[in-house]
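Only one structure is covered here, and it is reproduced in the block below.
Protein chains in written order, with our numbering: chain C, 1277 to 1539; chain A, 792 to 1080.
Set out below in structure tokens:
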């Protein structure tokens, strides 16, 4: 009895999650007709053809992917040692430091957007993918530290101690023993960096004034006096695909992550 | 057991601290600085002390939007948390379906935030939207634009759709770390399903659930992009949340007042994070028995 209940619950939830998306998918394959006209929308591939041939949308995808990858490359090397420190050492102010990191993770971008723009325009980072990547570190670094810490917590401390007894220095231990062990963890962390950076809008908008528009802004720009909803829907479908690909690579490790607080 | 090592601890955290100083601390200090000035253009400003803070504290609009946001976050949590846990419990522990389940559920998390309201406005359209048509079919005269309750309902449905899967992911990952021996012991003791949940699963999940609560509470408290996209704070400011108020002030280039508002928001955030961290620490020390 319970087994069926679970299956029904799962199917119902997935169906509810998918219903709005089914509509998006459906509309992305239909021609756009104005509300006043009586003609019926018909099936078409044109929206996707339009998407793949539009240089603006192509550039927007390229910009988004660039800053997300830059963000991952910035975040992981910085978060790894910090996560190790939080996991293995106790030091003065560690609790407060963790608290400060958490506080920055939950600070909404709107609060910091204005001065961030001012500072970034002073040092010439506005309109560059690097600028957005750096701004997104505000929330990707704290999240990454948290995820990586839980993965490192799951590794027995004896491993470190044996390695040190064997004469490994800390950097060498890190590089030769810990990193290979943490490969799945780094994958999962990269996925979460991707997730939070790809979907963020406020920084991405304020830091791209004239150039380097990401896909989120390109979608906004599609809205106008007569919006081609079919094309909008096709772009939305396309904007989910990179995330799905990322998820596919780390799917088996996702569930094993963040066993928070385990030692 | 953690080693006491101040030097290594700080040295390894320094790169992260450096980057967060650039993107977090410096902007924050700039905001605090702005908040004491009346600014026409950034080069021409006048010291006015705490005037903006006083104005904000005395504005009923601020308190109303704070109350609205707190209510919204509370409603979101009361729906998302139990639902997320329930779904996580229903996902099988092993097998080929696990990854597929998690992956399909996570799709809403991967959608850019400004697109979420586009999808939902479309979904809610009375003539063509699936949900809009369904609501009309069951006889509900759904009007998210002018009816206060319907706008709230739309926002809550949207947020539940958008974020419940994050709770599912987090809850499921902590469930999957519970050793099978615990369940076997419970079976020997003839524990009921509720007892297993109450005494095995819930304590195991508590740390990560607190984190999920913190993330979901704060993100919905400061919701901006998605809520603005649905009804721009309407009808008659009924969905004017903290984030929307600030966002609009920044768009209007009200440097001084928006800076003071940002500082107040940051203080609220700091207080809530501190409360959660205290709860988390108590949990960790209590759970280590």
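Cβ coordinates follow ideal geometry from the N, Cα and C atoms, glycine included.
Verify the CB distance criterion: does residue i have a CB-CB separation below 8 Å to chain A?
i, result
"residue 1383(C)", "yes"
"residue 1400(C)", "no"
"residue 1440(C)", "no"
"residue 1504(C)", "no"
"residue 1519(C)", "yes"
"residue 1413(C)", "yes"
"residue 1528(C)", "yes"
"residue 1476(C)", "yes"
"residue 1444(C)", "no"
"residue 1537(C)", "Low local confidence applies: a pLDDT of 41 at residue 1537(C) is under 50, so the model's placement there is unreliable, and no value is given."
"residue 1308(C)", "no"
"residue 1492(C)", "yes"
If you draw a straight line from the alpha carbon of residue i to that of residue j, how long is it in whole angstroms?
i, j, result
"residue 1472(C)", "residue 848(A)", "33 Å"
"residue 815(A)", "residue 831(A)", "25 Å"
"residue 1491(C)", "residue 1342(C)", "11 Å"
"residue 1280(C)", "residue 983(A)", "18 Å"
"residue 1459(C)", "residue 1450(C)", "12 Å"
"residue 1468(C)", "residue 839(A)", "43 Å"
"residue 1021(A)", "residue 946(A)", "8 Å"
"residue 1283(C)", "residue 881(A)", "7 Å"
"residue 995(A)", "residue 1370(C)", "24 Å"
"residue 1421(C)", "residue 795(A)", "20 Å"
"residue 846(A)", "residue 1048(A)", "9 Å"
"residue 1303(C)", "residue 907(A)", "15 Å"
"residue 926(A)", "residue 974(A)", "43 Å"
How far does the alpha helix (DSSP H) with residue i in it reach, from first residue to last?
i, result
"residue 1083(A)", "Coverage of chain A is limited to positions 792 through 1080, which leaves residue 1083(A) absent and any answer about it impossible."
"residue 1002(A)", "993 to 1012"
"residue 1434(C)", "1433 to 1441"
"residue 924(A)", "921 to 928"
"residue 1489(C)", "Per DSSP, residue 1489(C) belongs to no alpha helix (DSSP H) and is neither H nor E."
"residue 1026(A)", "Run containing residue 1026(A): none; DSSP gives neither H nor E here."
"residue 1527(C)", "1505 to 1530"
"residue 937(A)", "Segment: none, residue 937(A) is in no alpha helix (DSSP H) and carries neither H nor E."
"residue 905(A)", "Run containing residue 905(A): none; DSSP gives neither H nor E here."
"residue 864(A)", "851 to 881"
"residue 1394(C)", "1385 to 1398"
"residue 971(A)", "971 to 979"
"residue 885(A)", "It is not in any alpha helix (DSSP H) - residue 885(A) carries neither H nor E in the DSSP assignment."
"residue 1429(C)", "1405 to 1429"
"residue 1461(C)", "1459 to 1475"
"residue 1481(C)", "1478 to 1482"
Looking at the secondary structure, which residues open and close the beta strand (DSSP E) in which residue i lies?
i, result
"residue 837(A)", "835 to 838"
Report the residue from the options whose alpha carbon sits nearest the alpha carbon of residue i.
i, options, result
"residue 935(A)", "864(A), 1025(A), 909(A)", "1025(A)"
"residue 1354(C)", "1414(C), 1497(C), 1498(C)", "1414(C)"
"residue 1007(A)", "965(A), 885(A), 808(A), 866(A)", "866(A)"
"residue 798(A)", "1336(C), 1295(C), 1366(C)", "1366(C)"
"residue 1455(C)", "1369(C), 1435(C), 1376(C)", "1435(C)"
"residue 1320(C)", "1528(C), 1526(C), 1506(C), 1525(C)", "1506(C)"
"residue 1530(C)", "874(A), 894(A), 806(A)", "894(A)"
"residue 976(A)", "877(A), 968(A), 898(A), 987(A)", "987(A)"
"residue 1389(C)", "1041(A), 1070(A), 885(A)", "1041(A)"
"residue 1318(C)", "1306(C), 1326(C), 1328(C), 1325(C)", "1306(C)"
"residue 1504(C)", "1288(C), 1292(C), 1289(C), 1322(C)", "1322(C)"
"residue 1447(C)", "1466(C), 1387(C), 1357(C), 1375(C)", "1357(C)"
"residue 1470(C)", "1479(C), 1394(C), 1302(C), 1347(C)", "1347(C)"
"residue 1012(A)", "993(A), 1000(A), 1003(A), 1032(A)", "1032(A)"
"residue 811(A)", "1412(C), 1292(C), 1402(C)", "1412(C)"
"residue 1301(C)", "914(A), 896(A), 883(A), 872(A)", "914(A)"
"residue 1398(C)", "1030(A), 818(A), 1045(A)", "818(A)"
"residue 856(A)", "1004(A), 1015(A), 1074(A), 1072(A)", "1015(A)"
"residue 801(A)", "1361(C), 1494(C), 1352(C)", "1361(C)"
"residue 1067(A)", "1000(A), 1034(A), 851(A)", "1000(A)"
"residue 1416(C)", "1442(C), 1466(C), 1402(C)", "1466(C)"
"residue 1028(A)", "909(A), 871(A), 853(A)", "853(A)"
Does chain C have any CB closer than 8 Å to the CB of residue i?
i, result
"residue 900(A)", "yes"
"residue 1080(A)", "Because the pLDDT of residue 1080(A) is 36, which lies under 50, any placement of that residue in the model is unreliable, and the number read from its coordinates should be weighed accordingly. Not closer than 8 Å to any Cβ of chain C, the Cβ of residue 1080(A) fails to qualify, so no."
"residue 929(A)", "no"
"residue 815(A)", "yes"
"residue 1015(A)", "yes"
"residue 954(A)", "no"
"residue 793(A)", "yes"
"residue 1023(A)", "no"
Where DSSP assigns a beta bridge to residue i, which residues make up the other side?
i, result
"residue 795(A)", "1366(C)"
"residue 829(A)", "837(A)"
"residue 1319(C)", "1306(C)"
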